[in-house]
Amino acid sequence: MVVEIKSCAREPGQRTKIAVWSNDKAIDPVGACVGARGGRVRMVVNELRGEKVDIIPFSEDKRDFIAKAMSPAKVTEVRLSEDGTQADVIVPDFQLSLAIGKMGVNATLAARLTGVRIDIKSETEAAAEGPGAPRRAVVAAAESAYAEGEWKTNQESGAMEWHAVDGSIVSQEQWAEQTSELATGMSTRLANQPVQELKG
Numbered sequence: 001m002v003v004e005i006k007s008c009a010r011e012p013g014q015r016t017k018i019a020v021w022s023n024d025k026a027i028d029p030v031g032a033c034v035g036a037r038g039g040r041v042r043m044v045v046n047e048l049r050g051e052k053v054d055i056i057p058f059s060e061d062k063r064d065f066i067a068k069a070m071s072p073a074k075v076t077e078v079r080l081s082e083d084g085t086q087a088d089v090i091v092p093d094f095q096l097s098l099a100i101g102k103m104g105v106n107a108t109l110a111a112r113l114t115g116v117r118i119d120i121k122s123e124t125e126a127a128a129e130g131p132g133a134p135r136r137a138v139v140a141a142a143e144s145a146y147a148e149g150e151w152k153t154n155q156e157s158g159a160m161e162w163h164a165v166d167g168s169i170v171s172q173e174q175w176a177e178q179t180s181e182l183a184t185g186m187s188t189r190l191a192n193q194p195v196q197e198l199k200g
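The sequence shown begins at 1 in the numbering used here and counts up by one.
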C-alpha cells in the first residue's frame, strides 16, 4: 500500500472531500492523487460533471486535520473540546462564507470527514466571545447576497476579491465589514441552529 483513502465525504452534485495518507514518507499522497498538472483529479471531476473535489492530507493531529478539512478556506485557529468530539473553528472574517459554503455544505462535509462537530466563527466573533464560548456554526453568511460566488485574484493588484454570481465584486475589506455586521446581527437568531445532520 502506498496511498490510502482514510475518509471521504460527499454531497452529490456539489462537493466531495477525500482525506488521503501514505505509509511511505517519500510519497506525497495529495500530489499522487491529483496527478501531473491535475490530470488525475480532473478526470474524476469530469466524471462527476464538474463537482468540486477537495483532496486533503490526513493527519493524526485532529486540530491539523480539521483545519485542512475546511479547504478551500484558511483557518486561523482550531479549538478542540477535551473529548475531541467538537471544535470551534476560527477563520478570517472575509472567509466566513467560504468556510461555511453554499447552504453550509463545506462545513457539513468537513464535519463528516473528520467525525467532529464543527462550529465556525469569524475572528471578530471569536475575539468578542472569548475562548471556548459555545455557539453553533454560523450559517447566516449563506443567506447573504454574496453567498454564491468564488474568490479570485485581481491580476493588477494581486488582492483577493469575491466575485458573486450576480456580477458584483467585493474586496476583502468590504467583505470583512459586511460579514462582521451580518454575524453580529444574526448570531442571536442562529445561535442554536445546528449544522445539517450528518449522514452515514
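Note that the Cβ used here is the ideal one computed from N, Cα and C, for glycine as well.
Only a predicted model underlies this, so the values are computations on that prediction, with no experimental measurement involved.
Annotation: Asp24 is outside any beta strand (DSSP E) and is labelled neither H nor E by DSSP.
Thr114 and Asn46 have their alpha carbons spaced roughly 26 angstroms apart.
Taking one beta carbon from each stretch, the stretch 82-99 and the stretch 116-131 have 3 or more pairs nearer than 8 angstroms; the two touch. Contact check for Lys52 against Arg15 passes: the beta carbons are separated by less than 7 angstroms. Bridge pairing for Gln86: Arg117 [DSSP]. Between Ser22 and Val3 the beta-carbon gap is near 5 angstroms, inside 8 angstroms, which marks them as a contact. The alpha-carbon separation between Asp28 and Arg42 amounts to approximately 18 angstroms.
The stretch 22-103 contains, as complete beta strand (DSSP E) runs of 3+ residues, the segments 52-57, 77-80, 86-91 (chain order). Within the same chain, Cβ atoms closer than 7 angstroms to the Cβ of Arg40 are found at Cys33, Val34, the five residues on either side in sequence being excluded.
With respect to the 7 angstroms criterion, Ile55 and Ile18 are classified as neighbours on the basis of their beta carbons. Following the DSSP letters along the chain, one finds Glu123 inside the alpha helix (DSSP H) bounded by residues 123-129. Assignment of Ala9 by DSSP, reduced to helix, strand and coil, places it in the strand class.
For Ala110, the closest of Ala127, Ala126, Phe58 by C-alpha to C-alpha distance is Phe58.
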